[in-house]
Each structure stands twice: as structure tokens, then as C-alpha cells.
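Worksheet for the structure shown next.
There are 2 protein chains.
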Amino acid sequence: MRCEHGALHEETAARAAKNMPQEEEIGRVAAAFKAISEPCRLKILFALRQGEMCVFHIVQAVGGTQSAVSHQLRILRSHGVVRARRDGQNIVYSLADEHVVALLELACTHLHCKL
Amino acid sequence: MRCEHGALHEETAARAAKNMPQEEEIGRVAAAFKAISEPCRLKILFALRQGEMCVFHIVQAVGGTQSAVSHQLRILRSHGVVRARRDGQNIVYSLADEHVVALLELACTHLHCKL
DNA sequence: CTAATATATGAACAGTTATTCATATATTGA
DNA sequence: TCAATATATGAATAACTGTTCATATATTAG
């Protein structure tokens, strides 16, 4: 290639290749972002931002069927985005940690959304 | 439902429904996260974290075919994650803003990845 | 133990998305 | 203008992901 900045970019590319995270780590990060990249799951997260809730109330807050919400909750949980604890007959879900809230807020800021 | 915290959760659900962002905003946030949720695209972002590069060097840094990288770049660009500028025969790509870097770093922290 | 309620899950289908291949466009140098 | 290089893109196929339906598991009340 005849890039004007050939030498500089060549160096950048070499550094990038050298510092590229492992496939496994890339995969984990990708999976985490994918977990929060579907409208239904995002709704669940925005809802849980108001406080912990059991499935019944999450369904009430975000709409959709119990089955669909439950499937999505499993995905969120398996990716460490939300955590669940049993409370009698119910399972109460909440956001896993502040990172999740921070991610949501960063994205909203980036996109000039009001929260 | 017979949730112990019925009254409290009921209130949380109502607040969540009331403060739920518009479908359109949810969609934008979801699309943005989806844009950065594929391994190939993440690699591109991690690479660009080292500095701007033209397509040729990005391909060198992340591997894969020119065509595939180009397709992914288009997706990243159309979602405002990276920006492109022409420089002679080349198109030089760079991360759109600090939010992108912050998102990557937050995710890595959350997942206990080294960066 | 049985009935009722809350939540989870497997399988199938539908819609979406990534990759590849071939080709198009744009820029530069001769 | 022509050849060469860099990048982009349309179409087709293959892989993935969400939703639904039916059903399973777990907990509590009686």
C-alpha cells in the first residue's frame, strides 16, 4: 500500500496486533455487549435500574410474554449482567453491578438520549 | 402474584414502565451495542485504540479478508462508532470519540480482562 | 400429598446477520 | 487516458438468535 503515513500506520498496526486481546477475551467482551444489545433485554435493564423486581413485575414493566422475558433473563444472567436470588416462590432480579449502569449511561450520553 | 414485596415491586414496576425510554431510543442504544458486539468489530476497535489506520493496516492488524473488514467498518461507521476520512488513495479510520474507549474499558473491567 | 402459582426450559420456526465472491468506484501516477 | 492500487458494495449462502408453544420444575398453601 502507498499510504502517506505508511511507516506510522505500519507501526500502529504492529502495536495493535501485539496488544490485541486473546480470542477468548474478545469473545467474552463481544458476548457481554451482545447480551445487552437487544431491545427486549435493554428494556429489562432499564427497568431494573429502578430497583430489583421478580419476573412477574418485570413482565409487567417491559411487556411481552412470561416465556420470552424468562429466556432473556437467562441470557442476561448467564452473562453476568443481572443477578437473581430466590425469595419464596419468586426469583428477584437486579442489575449485577454499577458497571452495567455505567455502560447504559455512557451509551445514552454517546447517543444523546435522555435518561 | 404473591410476591412478598408485592407492594414495593408493584411500585418499582410502575416507575419502570413510566420511565422506560421510547422504543426509538431503546432501538438506537440496542443498535449501538450490537454494533460493538461482534468479535471482528471489537478487534477493529481494539486495534484503532492504538491510533488511526487505513483499511489495509486494519486488515493487517485484525486478520480476515479485505471484504469482510470493509463490511464491518461500514457497520461501525454507520453507527457512529468510528469515523473515516479520505487521505489520498486511502481511507483512514479512527474511533469516533472517547465514549467508545470508555465503553471498551468499562466492559473489560467488568469482565476482569486485562487491557 | 395435591393444587395452585412462579419461573424455567426444550424444540421448532422465522427473521436476522456475517461471510464470501465477484465486481464496482475512486484516486494516483505514467 | 490507461494501469495500478485502495476501498466499497450487491447478491447468495450459511450460521445465529428470538419468539412461541408446550411442558417441566420449584415453592407454598391447604
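Sequence lines, in order, name chains A and B.
Just add 54 to wherever you are in the first sequence, counting from 1, and you've got our numbering.
Just add 54 to wherever you are in the second sequence, counting from 1, and you've got our numbering.
Cβ atoms here follow ideal geometry from the backbone N, Cα and C, with glycine treated the same way.
Cutoff 8 Å; reference residue i; Cβ partners in own chain excluding five residues on either side
i	result
residue 99 of chain B	90, 130, 135, 136, 149, 154, 158
residue 56 of chain A	Residue confidence for residue 56 of chain A is low, a pLDDT of 49 falling below 50, so the modelled location carries little weight and cannot support an answer.
residue 103 of chain B	149, 155, 158
residue 141 of chain B	108
Test: residue i CB closer than 9 Å to a CB of chain A
i	result
residue 69 of chain B	yes
residue 118 of chain B	no
residue 154 of chain B	yes
residue 123 of chain B	no
residue 149 of chain B	no
9 Å Cβ cutoff met for residue i and residue j
i	j	result
residue 126 of chain A	residue 95 of chain A	yes
residue 88 of chain B	residue 87 of chain A	yes
residue 85 of chain B	residue 101 of chain A	no
residue 77 of chain B	residue 93 of chain A	yes
residue 132 of chain B	residue 109 of chain B	no
residue 63 of chain B	residue 111 of chain A	yes
CB contact below 9 Å: residue i versus chain B
i	result
residue 130 of chain A	no
residue 127 of chain A	no
residue 138 of chain A	no
residue 157 of chain A	yes
residue 56 of chain A	Any reading at residue 56 of chain A needs caution, since the residue's pLDDT is 49, under 50, leaving its predicted position unreliable; the model's value is listed next. So, interface residue.
Delimiting residues of the alpha helix (DSSP H) encompassing residue i
i	result
residue 82 of chain B	77-89
residue 138 of chain A	Run containing residue 138 of chain A: none in the alpha helix (DSSP H); it sits in the beta strand (DSSP E), 136-141.
residue 149 of chain B	No alpha helix (DSSP H) holds residue 149 of chain B; the beta strand (DSSP E) holding it covers 144-149.
residue 103 of chain A	Careful: residue 103 of chain A lies outside any alpha helix (DSSP H) and carries neither H nor E.
residue 130 of chain B	120-132
Integer-rounded CB distance, given that residue j should sit under 8 Å from residue i
i	j	result
residue 82 of chain B	residue 165 of chain A	5 Å
residue 97 of chain A	residue 80 of chain B	6 Å
residue 105 of chain B	residue 119 of chain A	Actually they do not touch by this definition, with Cβ atoms about 48 Å apart.
Nonlocal neighbours in the same chain, by C-beta distance under 6 Å from residue i, ignoring five residues either side
i	result
residue 139 of chain A	146
residue 162 of chain B	169
Own chain residues within Cβ distance below 7 Å of residue i, not counting five before or after
i	result
residue 68 of chain A	none
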